[in-house]
Amino acid sequence: MVNLRKKKGVEVKVKKTPKPKTIKPGTVRYGKRKKVGEKQKIFIEKPIGGEKNGGTRMVRVKKLPAYYATQLNPKRRTKHTKNRFRPLRSSITPGTVCILVAGPHRGKRVVFLKQLARGLCLITGPFKINACPLRRVNQIYLIATATKIDISGCDIPKHINDEYFRRVKVKRAKKEEGDIFEQKKEKYVPSEQRKKDQAVVDKLIVSAIKKREDKKMLFGYLGSVFTLRNKMYPHRLSF
1 MVNLRKKKGV
11 EVKVKKTPKP
21 KTIKPGTVRY
31 GKRKKVGEKQ
41 KIFIEKPIGG
51 EKNGGTRMVR
61 VKKLPAYYAT
71 QLNPKRRTKH
81 TKNRFRPLRS
91 SITPGTVCIL
101 VAGPHRGKRV
111 VFLKQLARGL
121 CLITGPFKIN
131 ACPLRRVNQI
141 YLIATATKID
151 ISGCDIPKHI
161 NDEYFRRVKV
171 KRAKKEEGDI
181 FEQKKEKYVP
191 SEQRKKDQAV
201 VDKLIVSAIK
211 KREDKKMLFG
221 YLGSVFTLRN
231 KMYPHRLSF
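Under full-length UniProt numbering, read the sequence shown as residues 1 to 239, first letter to last.
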């Protein structure tokens, strides 16, 4: 590459150094080769005594374990994905009455309170009306209705988050486990803190419903279960 520059009426030839061209990823045409590190030795030669033993023997640098575990512990794999925030549907807003599609409380009408950090929806019956407690539900299992309750004045406790719903499993020693056929499933019992929080949230939601003119109808609406009858098509219904 030659570049001609004029300097006070005189042409001067200036040579340009060519840009390094990549032959393959990690290899440059005009670059220096990277130093390859020395491979670690697996065996080393050690002298041994005895006339008939050959004088030397190859010995491992790192000794192999004398005993192997009967049960291999699973290795924890590193997570390469991040917890992505799932956007909420525009039809679901705080105070919206929704219909549960799946789960033990399917068919019940519940009140949406807020969206948690992991994207799940926090809902309640309230428990006083239809026995549906505070729960986390994915929005794909909710049908949003046109009925909305004004809960802007309701201060939901801030400690009700994803960690609040996590269940702690009690670890037992393997000797105490006994026969697998004799084990019984432990029934979940809500804590006293959960009961207090449920009573607080129920009081807030019920007080918000009582402010409406159609409160009597709304109490019956939340207490009833949604079902499909003959000639009722979901795609034609307006919830």
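For glycine and all other residues, C-beta sits at the position ideal for the given N, C-alpha and C.
Proximity to residue i [Cα-Cα], best of the options
i, options, result
"Gly103", "Arg118, Gly54, Tyr141, Arg89", "Tyr141"
"Phe112", "Ile149, Arg106, Arg84", "Ile149"
"Arg136", "Gln115, Ser90, Lys215, Cys154", "Gln115"
"Gly153", "Tyr164, Pro190, Ile205, Gln193", "Ile205"
"Gln193", "Tyr164, Lys171, Lys169", "Tyr164"
Continuous beta strand (DSSP E) stretch holding residue i: start and end
i, result
"Lys148", "142–148"
"Gln115", "109–115"
"Phe43", "43–47"
"Ile99", "96–100"
Same chain, Cβ closer than 6 Å to residue i, neighbours up to 5 away in sequence not counted
i, result
"Asp202", "Pro126, Phe127, Lys128"
"Leu88", "Gln115"
"Lys215", "Ile209"
Proximal residues to residue i (C-beta, below 8 Å), its chain only, five neighbours per side dropped
i, result
"Lys211", "Asp150"
"Ser238", "Ala146"
"residue 245", "Since the first residue shown for the chain is 1 and the last is 239, residue 245 is missing from the structure and cannot be characterised."
Extent of the continuous alpha helix (DSSP H) to which residue i belongs
i, result
"Val200", "192–210"
"Met58", "Segment 56–60 is the beta strand (DSSP E) holding Met58; no alpha helix (DSSP H) there."
Proximal residues to residue i (C-beta, below 7 Å), its chain only, five neighbours per side dropped
i, result
"Leu218", "Ile209, Arg212"
"His105", "Cys132"
"Asp162", "Leu116, Ala117, Arg118"
"Lys108", "Leu100, Gly125, Asn130, Cys132, Val225"
"Ile143", "Cys98, Ile99, Val101, Phe239"
"Gln139", "Leu88, Arg89, Ile92, Cys121"
Residue i CB to nearest heavy atom of the ligand PLP below 7 Å
i, result
"Val61", "For the ligand PLP, the structure offers nothing, since it holds no ligand at all."
Bridge-paired residues (DSSP) for residue i
i, result
"Ile123", "Phe112, Arg135"
"Val225", "Lys108"
Could you say if the stretch 217–235 and the stretch 117–136 meet the contact criterion of at least three C-beta pairs nearer than 8 Å? Using a Cβ-Cβ distance cut-off of 8 Å, the stretch 217–235 and the stretch 117–136 are in contact, since at least three pairs of beta carbons, one from each stretch, lie closer than that value.
With three or more C-beta pairs closer than 8 Å as the rule, is the stretch 56–73 touching the stretch 88–103? In this structure the stretch 88–103 does not touch the stretch 56–73; the number of beta carbon pairs closer than 8 Å is below three.
Within 8 Å, do at least three Cβ pairs link the stretch 157–170 to the stretch 231–239? No, the stretch 231–239 is not in contact with the stretch 157–170.
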